[in-house]
Structure formats: C-alpha cells, structure tokens
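Here's the structure, in structure tokens; my notes come after.
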Amino acid sequence: MRRAIFAIATLVLCLAPASAGLVYNAKACTQGVDCTIGSHGTSSGSGPSNADFRTFFTAHLGVDLSSDNFTWTTASNANGYVFGHVDDTTFNIHTAYLWNGSSLQCCTLDDPYAITDGNDHDLFIGTDLSAVSNAGQPIFPAFLAGPSGPEALAPIDYALTPAAEALIGDAWFTVVFQSIDNSDTILASWAGPTGWLLLTPETIISPAPAPEPAAALLLLPALLMMRRFRRR
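Take the sequence shown: its letter number 66 is residue 76 in the numbering used here, and every next letter is one higher.
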C-alpha cells in the first residue's frame, strides 16, 4: 500500500508544473562603472493603430471615443509585445498600454501607471501607485508583472534576499525600475548611495509546460497497484 501511494505521489510531483519564482539580490551601482545589464529582443511586427486605441478605450471606459486621436511611444520584446505610454486629445487619457501582437490587452489605470520595459520572458516592469501590478511585492510603487488586462498587468511573485532587504531598507518607495534584460536582471534608480540599484536574480524557477492529457495514463499502473493491495 505504501509503495502504491509513493508511486502516485512521485508521478504527480513529476507531472505537476513548477510555480514560477524569483529571488533578487541587490547592490548599489554607478552608471558607466558597474551597473552592468544586458539586453532583450525587439518585435518585427507592427504595433497598435489609432483605431485600435479607439476600440479598446471605448470598450473598457464606456464612452464613445470613435473620433478621438491618440499619440503613443513604442517599445517591444521579441515575442511580439509592444508597449509604451499613450495619451489622447479629448478625454484626458494618460496611461500605459500593452499590445499582444494582434490587439490591445492593457491598460486603463491612469497616469502615473507606466510600463518602462519588458524582456523576452514576458516580464514587464514599471510603476503603479494603485497597488494592482505590484500587489504582494516587496518594492512599491515599482512592479514586476506579466501580460494581463484590461485594467493593469498581473503581478509576478518575487522576493528579496535578506541582504537586499537590508540594503534597500526604508528607501523601497524611491526605487524606480528602469530596464530589464533576458537574465531578468533589473536596473533601477533610487534615493540610495550612487543613485542606482542593480537587482540580480539569485533563483529562477521557470514554469514547466503543462502535461499532455495522455500523461495521466502513466498513473494507471500505480492505481492498479493500490487496488490490488486493498484486496489483500
């Protein structure tokens, strides 16, 4: 009986997807000296149009913006996501946006909500004073988030090492995430020594792909073993 239970538990653990998690260390750095950060890819596709912004905000703000005009900045990653800041000329819209390659996915939170960068792991950084994209995170109002919407991006679970917590201390509210590379390293400005902070991931646990439905068949031998032991 114990062997059967152990077999089932082992299979379940092997088939279950791992949860994503990041643990960051931090150091004060000097621009041009030791604030070393890499890069990420860019999209070759097109981003949103004025008509796309009209459609998105009309749907999610409940007002007719069919004659409104928008201006926006453009940045991207290698996965087709385009992001930046958007303003309109009529209804005082000032916010960030996220284009997923075919449609606008986010955002309706007002300025100073901002997406400042995003890497090829679809991790996005920015600022959110409404505590939506940084809910439960150790630094505020900076955020680390994943694609979501329409209100705001979804917070990504991360933690700071004890050394990072000690370094940042009570200055956590001055930290502004500026850029993120494909090693998930984040460069931030802050009110501490040198004015810059480099957050480097100590632990990265990538989510595993969900198992195929047929993988559940692997549980059958263990279940049959349990049934046989029960009959004894």
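Every residue, glycine too, gets a C-beta built ideally from N, C-alpha and C.
Since the structure is predicted, the reported quantities are computational estimates derived from the model, not experimental observations.
When the alpha-carbon of Tyr91 is set against those of Leu108, Phe67, Ala164, Leu75, the nearest one is in Leu108. Ala106 sits in a strand when the DSSP states are folded into three classes. According to the DSSP assignment, Asp74 belongs to no beta strand (DSSP E), since it is labelled neither H nor E. Counting C-beta pairs closer than 8 angstroms gives three or more between the stretch 167–181 and the stretch 146–154, which meets the contact rule. Within the DSSP bridge table, the entry for Trp206 names Cys39, Ser199 as partners. Non-local beta-carbon contacts of Thr83 in its own chain, meaning distances under 6 angstroms to residues more than five positions away in sequence, involve Gly94, His95 in chain order. In the three-state DSSP reduction, Thr126 falls in the strand class (E or B).
Cβ-Cβ separation between Asp130 and Gly156: approximately 13 angstroms, too far for a contact (criterion under 8 angstroms). As the crow flies, the alpha-carbon of Trp182 is around 31 angstroms from that of Asn89. Following the DSSP letters along the chain, one finds Ile178 inside the alpha helix (DSSP H) bounded by residues 172–178. According to the DSSP assignment, Leu114 belongs to the beta strand (DSSP E) that extends over 114–116.
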